[in-house]
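If you read the protein sequences in the order shown, they are chains W and U. Take the first sequence: its letters are residues 1 to 337, numbered as in UniProt numbering. Take the second sequence: its letters are residues 1 to 339, numbered as in UniProt numbering. C-beta atoms are modelled at their ideal positions from N, C-alpha and C, and glycine is treated no differently. All values reported here derive from a predicted model rather than from experimental measurement. Inspection log for the structure reproduced underneath, given as structure tokens.
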Amino acid sequence: MTPSHDTLLEMQRRMLRIRRFDERASKMVKRGHIPGTVHTSIGQEAQVVGAAMALADGDYTAGNHRSHGHPIGKGSPLGPLMAELVGKATGVCQGKGGSLHLADFAVGSLGESGIVGSSIPIATGAALSSKVLGNGKVSLAFFGDGAANQGCLYEAMNIAGVWNLPIVFLCENNQYALSTPAHTVTSGVIADRAAGFGMPGVRVEEGQDVLAVFDAVTEAVDRARRGDGPTLVEVVTYRFNEHSEGLRLGVDYRNADEKALWLEKDPIVLFRRHLVAEGIATEEEMDALEAEVLAEVDEAVRFTDESPFPDPSVAFADLYTDPTPGPSVDNLIGATA
Amino acid sequence: MTVMSYLGAIGAAQREAMEADERVVIIGEDVEANVYGTTGGAGKSRADKGDFLQMFGANRIRNTPISEEVIVGSAIGAAMTGLRPIVDLSYSSFLYMAMDQFVNQAAKNRYMFGGQASLPVVFRSAMFYGLNTGAHHSDRPYPMFMNVPGLKIVVPASPYDAKGLLRAAVDSDDPVLIFEACMLWGTKGEVPEEEYTIPFGKARTVREGTDVTVVAISSAVPEAAAAAEQLAEEGISVEVIDPRTLVPLDRQAILDSVGRTGRLVVADPAHRTCSAASEISSIVAEEAFDALRAPIKRVTTPDTQIPFSPSLEKQLYPARAGIADAVRSVVGERQLARS
Ligand SMILES: Cc1ncc(C[n+]2csc(CCOP(=O)(O)OP(=O)(O)O)c2C)c(N)n1
């Protein structure tokens, strides 16, 4: 089934949101406006959006440290995400998660994780919930090629297989885990590992093509929703920036030719060309969309700037659902003096 | 009231929780076949093979592969999205396999997502110490988890408490770890047949006394009670307190008791360093130092691994004789004064 006109434009809109949001975040890290660091999805937008938009609104995702794209791809508004990156009270996690731990339950985003591989079992549990409650929801776990070598993925694939859970395991193979090329630490092909668990394994070579990703993941999601169980989808893609913003490694683990080759395959440029060539949108409409998204990001930054930092007492909130066992703001006395 | 074993009380609580709420599911290794005796019928310590499975069906009785990390992680994900899982991790030594999920996910999840998530999930595990099962199956790891903010830690010491605390754990919207001592499995006690819960953070005074407070944990509770019995004959009046939940901890009950007696012994089957006993001793030293008339004593398992040979193992855990000795030593000053 070909996506509707509106869906196609929405794909481009969400890819642009990720790009502009991450570009802005990168600048803000460099200027010291964002504390800590961020990992951008620049270059990987087709993979993120193709997967996220293959899901329905109520479906679940859980992800990793390369974290902004997943909730944006799922439709999360930008203001609270940006505010979270800066640690503001209006952040999607009230300033307690930051870039590594975004979560927006309102769009089914159950949370990103700073521990490589760690969110895969969580997504599996969400799929178990759907199965026990019979609510028809599908769950999708985003993880990198590095995470693909964590044992918990295989525990999760096995249990999802035997329980026939509605889940998609989505490997974002951007070909590097920090400085380590995937082929130097990964035996065989990641998608082929699905066979060992009796589930389909699909490798999307054209991971810069949002429609190719969308098609593959849609098939996996349909399969899950039909009750036919899990699928492993590996998408080949590339990150244009460093592993994390501000990180400067002395060694050049990615050569210039390779980088240039992949920069040619910018998913947003490719898709814009496609939309115009197919007569789905005009150049003017595409320009307008770009301006619209840029304004959204400006607005998110304005919202962030105008938001207050959290009250100190928030450091002691939400450790538990009830206040009984936790410490209190009184513990700060002395600590800050 | 009916007389139930500790193990039977756990089974009864699980059955009641499953009947009361369709969102309660049981997840664990060998739970279908009721191998550990807590997924069998009402009040029986070990029921006919697999009767929870017949009662509740395979959708809610989730027999798992041996995959502790995904068992724990998937229970967390399920709890975040509408279920209330009870996870049976069998031996407490296996919790280490899933340390990442306990520490990085279960404990941090609600906090770091700014209160968006709640995690109504119960993790049960049995501490198989004292049964000559050697170092790999004799752990008492609750103090490690007390060191992780965000988890609730429960250590029932009687059948009544085992049932009431487990029901309260299922009702809790936070992740709860229950450590059940196998040494207590066979103990029998009066347990209401109807449903009841025991609130977390409320210690139980096992026995009242005036000379010394003994705070005892898990299988040390009956040992402390026996020691108190013996010491009473010697004219020493011992108050025995069982905190029942270590997080939250009923600090006030402990401080009040020490305020009355002026002396504290803590009996804790965990290893000595950074034990629950260490924490309780610190609280009393910080907040009730003026009330103390003698140094605090800890009776714990020494900082060694658990050896296999029965002759080696049996001397290690806090037992009545060691607890009684510790009490005598802290009341020595008083006895001297009288003599
Ligand atoms: C368990 C764990 N080990 C190591 C790290 C440090 N680390 C953070 S990201 C990363 C690379 C992950 O690579 P991959 O899974 O391929 O994701 P990508 O960054 O390429 O998107 C590493 C080693 C970590 N956060 N967690």
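- The CB of E233(U) never comes closer than 8 Å to any CB in chain W; the least such distance is about 39 Å.
- Boundaries of the beta strand (DSSP E) harbouring D242(U): V238 to D242, taken from the DSSP string.
- For K74(W), the closest Cβ of chain U is not nearer than 8 Å.
- Taking the Cβ of F143(W) as the reference point, at least one heavy atom of ligand 1 falls within a distance shorter than 7 Å.
- Contact of F169(W) with chain U by beta-carbon distance below 9 Å is absent, the smallest such distance being about 12 Å.
- Residue-level contact check: T124(W) touches chain U, since one or more beta carbons of chain U fall below 8 Å from its beta carbon.
- When distances are taken from the beta-carbon of G114(W) to the heavy atoms of ligand 1, the shortest one is below 7 Å.
- With its beta carbon less than 8 Å from one in chain W, Q101(U) belongs to the interface.
- Within the segment 288-302 of chain W, no residue has its Cβ closer than 7 Å to any Cβ of chain U.
- At a threshold of 7 Å, L178(W) counts as near ligand 1, since its beta carbon sits closer than that to one of the ligand's heavy atoms.
- Contact check for I167(W) against S139(W) passes: the beta carbons are separated by less than 8 Å.
- Secondary structure at C182(U): helix, using DSSP grouped into helix, strand and coil.
- Within a 10 Å sphere around the beta-carbon of P267(W) sit 16 or more other beta-carbons, which makes this residue buried.
- A126(U) and S92(U) do touch by the CB rule: their CB atoms are close to 6 Å apart, below 8 Å.
- For L165(U), there are no C-beta contacts with chain W under 9 Å, since the nearest C-beta of that chain is about 14 Å from it.
- By the criterion of at least three beta-carbon pairs nearer than 8 Å, the segment 107-124 of chain U is in contact with the segment 167-177 of chain U.
- Chain W places a beta carbon closer than 8 Å to that of M80(U), counting this residue as a contact.
- Under a criterion of Cβ atoms nearer than 8 Å, the residues of chain W adjacent to G73(U) are, in order, S118, I120, P121, I122, T124, G125, C152 and A156.
- With contacts defined as CB atoms closer than 8 Å, C152(W) and P121(W) qualify as a contacting pair.
- Close partners of D318(W) in chain U (Cβ separation under 7 Å): R110, Y111, G114 and G115.
- From the beta-carbon of A103(W), the residues of chain U found nearer than 9 Å are N109, M112, F113, G114, Q116 and A117.
- When the alpha-carbon of P318(U) is set against those of A270(U), V284(U) and D290(U), the nearest one is in A270(U).
- For S118(U), the secondary structure class from DSSP, reduced to helix, strand or coil, is coil.
- Chain W places no beta carbon closer than 8 Å to that of Q14(U), leaving this residue out of the contacts.
- Segment contact: the segment 97-109 of chain W against the segment 53-70 of chain U, fewer than three CB-CB distances shorter than 8 Å; contact not assigned.
- Ranking A225(U), G73(U), R110(U) and S281(U) by CA distance to the CA of A317(W) puts R110(U) first.
- Taking CB atoms only, T64(U) has a neighbour in chain W less than 8 Å away.
- Under DSSP, E234(W) forms a beta bridge with C171(W) and R203(W).
- Not a single heavy atom of ligand 1 lies less than 7 Å from the C-beta of A51(W).
- Nearest neighbour of V236(W) by Cα position, chosen from L247(W), G227(W) and D209(W), turns out to be D209(W).
- Against chain W, the beta carbon of R260(U) has no neighbour under 9 Å; the closest one sits roughly 24 Å away.
- Here the alpha carbon of R15(U) sits roughly 10 Å from the alpha carbon of A9(U).
- Take D30(U), set aside five residues on each side of it, and the residues of its chain with a beta-carbon closer than 8 Å to its own are Y36, N63 and S90, in chain order.
- The Cβ-Cβ distance between V48(W) and H65(W) does not fall below 8 Å.
- According to DSSP, I27(U) shares a beta bridge with R62(U) and V87(U).
- Close CB contacts of K88(W) within its chain, under the 8 Å cut and outside five residues either way in sequence, are with G95, T304, S307, P308, F309 and P310 (chain order).
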